[in-house]
Every structure is written in C-alpha cells, then in structure tokens.
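One structure is given below, encoded as structure tokens.
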Amino acid sequence: MNRLRRLLIRVMPRKHAEMGAHRKIVLVGQPNCGKSTLFNEVAGYRSVVSNFSGATVEYTRSHVKVGSEIYDLVDLPGTYSLSFLDEAEQEAQKFLLNRKIDVIINVVDASLLSRSLELTLQLTELEIPMVLCLNMMDEAARKGIQIDPKTLSRRLGIPVVATIASKGKGIRDLFETAARTAHEGLKARHIRGHRDVELIIARLSRYLKQNLRKRVSFSTHLLATKLLEQDPFFSDIIEGEDSAVHQTVKHYRKELAQAHGRSSDEVIAAERHSLSMSLFEEAVQIDKPVAHLRDRVDAVLMHPFWGYVFLLSILFLFFNLIFRLGGLAEAPLLAIFDKLVNLITAELGTDTLTGVIVVNAVQGLGGGIAIVLPYLFPFLMGLALLEDIGYLPRVAFLMDGLMHRIGLHGKAVIPAILGYGCNVPAVMATRILDSPRDRFIASFIAAMVPCAARMTIIFGLVGYYLGGNAALALYLINFVVIGLSGRILSRLLPEVTPGMILEMPTYQIPRLKSALMKTWFRMKDFIVIAMPLLVAGSIMLGFIQLWNISDGINRLLVPVTGVLGLPREVGITLIFGVLRKELSMLMLFQALGTQHIDTVLTSGQILVFSVFVIFYIPCVATMGALGRQIGWRGMALIVGFTFVLAMLMGVLTRGAAALIG
Amino acid sequence: MTLDQIEAGRTALVTEIIGGFRIRQRLNCLGLHRGDRIRVKRSGIMGGPILVELNGTEVAIGRGMAKKIVVTLS
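Just so you know, the protein sequences line up as chains A and B, in that order.
Under the numbering used here, think of the first position of the first sequence as 106, with each following residue one higher.
Under the numbering used here, think of the first position of the second sequence as 707, with each following residue one higher.
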C-alpha cells in the first residue's frame, strides 16, 4: 500500500505542476465507456484510447476552449467505482478526492447504464458540480435500450447530455453544458435509499465531522459510507484517530450488519445496486435488441479449438507482416545513415574529439532509427489495432488456462505480448494486474520476452548465419524457458491469485486516428528513454576505441567469455548489450573487425553468443521501468537471476553444440 | 452449486458470493451481484475462464473466482 502511494506521489505532482489557473473539467467513467475517444475528439494528440480496461494508467490532460474561455481538460483512467482495485483506479480516486475540480463529466456507456449508474451515484457524493454524459447512444439503441435523459436529469439533479463520441455527435453540447455547470456550481441531488441505512450513514457522518482530528478534503458523508463499506483505503485514512472513532465505526458496522443479516459492506453495495436499478427502470424502456455480429464472431474466435487456430494464425501473420514492413524500411534508412557517417568521417576524421563524438552519435541514432523503429512502429500499430478492435480481451480469455500453469491469469498475457515490441511499455503495462505478486511475476516475464531489439539479434545472427529454423527454435526455447521460470517463481511466491475477471467488450471498428495516437504514445517511451542511451552508449564506445581501453574491459570479462567459450574480444559487446540489446550485435561486428562473423566464429559460438545475449540482464531502459514498477530490489533480483540463467543457457548451448559438432 | 459447475447455455441465479471486500467489490463493479440472473455462454478449456452474460455485458470469470460464486439453476 505504501509503495503504491509513494509511486503515485512521485507521478502526480510532476504531471500536475504544468496545470494552469484555468477552470478544470475532469472526465470520469468506467473502462471502455468511450471517455478517451471523447477526449481525443476535443484535445488532439495527447491521449490514448483503448478497448481494453486499464490502458490509460496515468491521466492525460489538455486544454479545451468552450465559448471564449479556456479550460483544463483531464482524462482520468477508467474506474469502476470510488474504491480502487488496481493502480489505474487508484490514480483516478486520488485525483477525485484531492484536487480542486470545477466540474466532472461522468461519461457512461449508455448500453450499460444500470451498471454505470453505480459509479455515478458514488460520484455525486463528492459534492462536485457534475454533468452526466450518456455516450454510445447508438450501441444502446442497438441493444434495445431507450433512455430518457430528462428523467435521469430530474432524478439526479444534474444536466444529462446524450453523445456518440465515435461519430462526434453531441460533443459541443456536452462541453457547453459542462462549462455552464462549472459556472453555476450545480451539484447533484443526494438520492435517498432505505431509511435505516441512510440514518446510520448520516449519524456516522455527523460523528466524523465533529470528532475527526485530521481534516479530510472530501465530504464526511462519503467517508462514512466507505468506512461502512470496509474499504481498506478509507480505513487507512482514519488509522491515526482515537480509539473512540474506531469503536464508533465498528459499532455502526455491526448495527448495519445485524439489521440486514449480512456484512455491512454487502449492505452498502446492495443499497447502491438497488438505487441504480430503480433509477435505471425509471428512465429506461427496453425494446427488442438488434441482432449483433458479436456472437457469431465470438463463436469462432473464442472457440475451444478454432479460437487457438485463429490466435496462432493472427500472431503468425502479425509477426510476418512486421518483418516484411520493417525490412522494407530498414535497408534504405541504413543506407542514408551510412552515407551520413561517411560524409562526417571525411569532414572531421575519426581521431579528433569532435569527430569521435559526432560520428558515434550519428551511428547510435542510426541504430535506433534504422534498426529498431522500422520494426517497433508496425508492431505497436498492429497491436493498437488489435486492441481497439477488442481482440486482446479474447486473447486473455483463451490464454487464461495456460497462464495459470505459470501461476498467473489471462490478463498477464497482455504485458507479455507487448514485450515482443519493447520491454519498457510491457513492464509499464503490468499495472493492469491487481496483486503486487502478479505484477512482479508479470514484470519478470515481460523483461525476459525477446523484444524487437533482441529480435534483430536472433534474425541478424542466428537467422542469417544458421538459418530461419534455428531462429525459430531459439524463439521456442525462449518461450519454454520463460514458462519454466514463471512456474518456478510462482512456486517460490505462493499466493492464491485473485483470479481473472475481465469484461469482454463489443467489437469496434478501429479508428486510425486513435490507433496512431496510441502508437505514438508508446513509441515515445522508446524514443525518450532508449534513444539517448543508445547515442550515449555509442559515443562511449567511440572513446573506448580511441583510448584503447577495450582490452582492459575484455580482460575483466574473461570469466564470462571463457566459460562460454567465446573469444576474448567479445567481452566488450556484452557491456553494450546492457545499454541496448541490439548494440551487442552491432558492436560484435566492430569488435571482431568484420561484417562476416562466420569467418571468425564457429556456428556453435554464434549460437552461444546469441543465446547468452537474449537471456542476460534486461537493458538499462527496462531496468528503469522495472525499478519504477516493482522497486529497485525486485529489479536487482531480476538482473541477478537473468544473468545466472543466461550463463546456464550459454553453457548448455556450448555443450549441445560440441556434441552435435 | 458454484458457477464453475454450470454448463454452457444454462441460466443461473447468484445466491451468494463467498469472499471478502475485494472479491465482492470486483464482481459488483462488473455488474454481478447477489440475486442477479446470469447465463453461462461458454467455458474455456484447460481450466480456462467461464464467460457469463449479465445485464447486457459479457464478463470472463476465472475458474478460481467462479468457485466462489454460489448459484442455483433456474
């Protein structure tokens, strides 16, 4: 808990510091309600939309002009309730409880109104001016749900606006209404439930108002409700209070439980459920739904046999396409950088200080732009499309059984797949898991998945010199080793995982704009974190060559290269592999002084080198992400483990190669 | 009986959710409450999850979780 809080404190003020003095409009809603689509319609390039819950883990902000006034627009991560169950939800809750907000736009998937109203009811307790946005009205109509916004508006006491964000409908009206509501300060009416429950909440609320030593930034009514609900976060807030306070809370919980014959948290939840159901029944008329394609598509894609056939085919096509597209871009880009390097070398020479810095900086930049980006971009773009279509949750469904064998559940497959592009966003994506133990194991796995950079090694060395089958075999071996490591790790950290609960959203036609934005957003992780390291690493190598200190480093690494049966000169490349994985291959050419590796290394040595480089220590950027996500101790553990594992795998490969000859 | 024992295509009534605040909270959030009527649409192979339809949405529930949802056939 404390670790989570520290993480938040670190993330939030930095992002928040840029916020201006404008009035603040905040978008709040459950995952998949179309909130981010709405945000993108008005905000431009900053946000990420997703058809998979938990995709927006940090909030995004922008400015929006309504009439003549500029507002700060904040898009919070999707949250199902005001009680958080994962980090994304926690971020939303923290923002709502602690920031000054002028108006909330509660975005609701109109086709899921009854469920969504439970969040709406909780939001009204924040006593902040609010507008209810009934989004996806077309989807609701398809399901035969006819909503009367006027009834909802009257009962809740707030404006209700119908929109179809994906078609840009109703958005102007929504923001004008929000602006007006912010100015008028119109707050929602408190909707009353059963008398006895209301009475107990009111009593506890009054008691807290008079007796709390600590000041809370939100209503005591909300605090009372959440305490009766036994929400651990809110219980933490009153942790330091007198024992009398705790006694009182306990007393009211008991009273509530005794009166209803079930625990107090169930009473409160049931109360909220029945309130939203009665609101729903009042405002909605149900007609016959229009038949949806979904069932027929799911019958194939989630089929116990065909589902897996399709999954494999889709992945196969997906990776093939990436290689084709990446290859198309790689060669011409490399040529451009080669020319550039030649030009600079001719101009500055390679023995002057400026010459060394500039040439190596350009080479480093070229490595990132020409070798990694051509593969990373199509990968992320394809993934974004699969995500927006709504396929990823189906993958999670199919993989749940298998993932349980390694002690995780289906949702954890998402970071693993992301890892094939770049480990950094993959480690970040482990936030969608709710137990810290699951996040640890999933981060571990994500860091071991061969990313686009390691892919270039597999294909550039093993594929090129030993053939495509060898490359494929390496992928398979890696897959098995990851599985085994996951299994061992989950045995070492025994804990019953809470199990998967995952919404299967309806399929959507992806919007290019949103897929592009998401791709850009994730590519930024690579460009901002990894590119500078690549350039710096390249410059460092330049100096090492200039000053002739690689010998010393190679000598230090003899214990490693010796055990693996590799030439001593290879040592230095291993250091660079830690900066960026593909550097170890690029540096290998330089360290051995040839582009034709097979003239100096045997096939066995090439294989040993590749296996070692693929398994050992995650790159610096991934280490950074790991440190942020699971703490520095966890990161050190992963570094240590992968090193030992890589040594082991390397020695095994050496042995196998010697046997085969 | 519990949800994991229901075959695909059957409808059931949720009579109890065994577990603490977090589990109930999770299920409530996705629209599954005590007293709700749900339909099992399919169940995954190799101990995979159970796909249920409830209140107009579909939710995949892992088998371990499904064991905590007590239902009666209807």
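For every residue, glycine included, the Cβ atom is placed at its ideal position computed from N, Cα and C.
Look up residue i in the DSSP assignment and say whether it is helix, strand or coil.
i, result
"Ser216 of chain A", "helix"
"Leu764 of chain A", "helix"
"Ala521 of chain A", "helix"
"Phe746 of chain A", "helix"
"Glu371 of chain A", "helix"
"Ala267 of chain A", "strand"
"Ala293 of chain A", "coil"
"Ile722 of chain A", "coil"
"Gln227 of chain A", "helix"
"Pro118 of chain A", "Interpretation of Pro118 of chain A is limited by its pLDDT of 33, a score under 50 that renders its predicted location unreliable; the figure taken from the coordinates is listed afterwards. Helix."
"Val321 of chain A", "coil"
"Leu757 of chain B", "strand"
"Ile751 of chain B", "coil"
"Phe157 of chain A", "At Phe157 of chain A, the pLDDT of 42 sits below 50, so the modelled position is not reliable and the matter cannot be decided from this model."
"Val713 of chain A", "helix"
"Val395 of chain A", "coil"
"Leu709 of chain B", "helix"
"Thr763 of chain B", "strand"
"Gln198 of chain A", "helix"
"Asn137 of chain A", "coil"
"Tyr150 of chain A", "Reliability of the predicted coordinates at Tyr150 of chain A is poor, the pLDDT of 42 falling under 50, and the value obtained from them is presented with this limitation in mind. Residue state, collapsed to three classes: coil."
Under DSSP, the alpha helix (DSSP H) around residue i begins and ends at which residues?
i, result
"Gly573 of chain A", "573-597"
"Gln650 of chain A", "636-652"
"Ile546 of chain A", "541-553"
"Asp341 of chain A", "337-342"
"Val668 of chain A", "663-669"
"Thr450 of chain A", "411-453"
"Asp493 of chain A", "478-494"
Identify which residue in the options has its Cα closest to the Cα of residue i.
i, options, result
"Lys774 of chain B", "B:Ile724, B:Leu719, B:Gly715, B:Arg716", "B:Ile724"
"Glu387 of chain A", "A:Ile252, A:Pro530, A:Pro264", "A:Ile252"
"Asp443 of chain A", "A:Thr455, A:Met605, A:Ala475", "A:Ala475"
"Leu332 of chain A", "A:Phe484, A:Thr699, A:Val640, A:Leu187", "A:Leu187"
"Ala215 of chain A", "A:Pro520, A:Pro498, A:Phe385, A:Tyr357", "A:Phe385"
"Gln135 of chain A", "A:Glu232, A:Met241, A:Ala696, A:Asp207", "A:Met241"
"Val585 of chain A", "A:Leu566, A:Leu697, A:Pro555, A:Glu303", "A:Pro555"
"Ile735 of chain A", "A:Ile550, A:Ser348, A:Arg259", "A:Ile550"
"Leu478 of chain A", "A:Leu607, A:Ala635, A:Phe564, A:Thr459", "A:Ala635"
"Ile632 of chain A", "A:Phe482, A:Val705, A:Gly366, A:Ser219", "A:Phe482"
"His288 of chain A", "A:Glu174, A:His299, A:Ala531", "A:Glu174"
"Gly755 of chain A", "A:Asn583, A:Ala434, A:Phe545, A:Thr455", "A:Asn583"
"Ala283 of chain A", "A:Ser324, A:Tyr312, A:Gly183, A:Val169", "A:Val169"
"Glu303 of chain A", "A:Val665, A:Ala434, A:Ala329", "A:Ala329"
"Phe502 of chain A", "A:Leu598, A:Asp493, A:Val518", "A:Val518"
"Leu638 of chain A", "A:Gln650, A:Cys724, A:Asn574", "A:Cys724"
"Arg771 of chain A", "A:Leu202, A:Asn425, A:Arg733, A:Thr704", "Absent from the model: residue 771 of chain A. The displayed extent of chain A is 106 to 766, so no value can be given."
"Ala246 of chain A", "A:Arg259, A:Thr268, A:Leu661", "A:Thr268"
Looking at residue i: is its Cβ nearer than 8 Å to the Cβ of residue j?
i, j, result
"Arg759 of chain A", "Gly670 of chain A", "yes"
"Gly473 of chain A", "Gly642 of chain A", "no"
"Ile744 of chain B", "Leu760 of chain B", "yes"
"Thr535 of chain A", "Ala552 of chain A", "no"
"Gly487 of chain A", "Ile427 of chain A", "yes"
"Cys238 of chain A", "Ile263 of chain A", "no"
"Gly524 of chain A", "Tyr480 of chain A", "no"
"Lys129 of chain A", "Asp177 of chain A", "yes"
"Lys686 of chain A", "Ile562 of chain A", "yes"
"Pro254 of chain A", "Gly290 of chain A", "no"
"Ser540 of chain A", "Asn145 of chain A", "no"
"Thr778 of chain B", "Ala718 of chain B", "yes"
"Ser324 of chain A", "Ser219 of chain A", "no"
Between which two residues does the beta strand (DSSP E) containing residue i stretch?
i, result
"Met235 of chain A", "235-240"
"Thr717 of chain B", "717-723"
"Val777 of chain B", "775-779"
"Lys767 of chain A", "Outside the displayed span of chain A (106 to 766) sits residue 767 of chain A, for which this structure offers no information."
"Met605 of chain A", "Taken as a continuous stretch (DSSP letters only), Met605 of chain A belongs to no beta strand (DSSP E), as it is neither H nor E."
"Val169 of chain A", "165-171"
"Asp456 of chain A", "Counting along the chain, Asp456 of chain A falls outside any beta strand (DSSP E), and DSSP gives it neither H nor E."
"Glu174 of chain A", "174-180"
Mind checking the region 709-722 of chain B against chain A and listing, in chain order, the residues whose C-beta falls within less than 7 Å of any C-beta there? When CB distances to chain A are screened at a threshold of 7 Å, not a single residue of the region 709-722 of chain B falls below it.
Which residues, taken in chain order from the region 211-227 of chain A, show a beta carbon closer than 7 Å to some beta carbon of chain B? Within the region 211-227 of chain A, the qualifying residues are Ser216, Leu217, Ser219, Arg220.
Taking a Cβ distance cut-off of 7 Å, strictly less, list which residues of the region 398-415 of chain A are near chain B, in chain order. Listed in sequence order: Met407, Pro409.
Taking a Cβ distance cut-off of 9 Å, strictly less, list which residues of the region 606-627 of chain A are near chain B, in chain order. If you check each beta-carbon in the region 606-627 of chain A against every beta-carbon of chain B, the ones closer than 9 Å belong to Ile606, Leu607, Glu608, Met609, Pro610, Thr611.
Cβ-based contacts, 8 Å cut-off: residues of the region 354-373 of chain A near chain B: Within the region 354-373 of chain A, the residues whose Cβ lies closer than 8 Å to some Cβ of chain B are Asp370, Glu371, listed in chain order.
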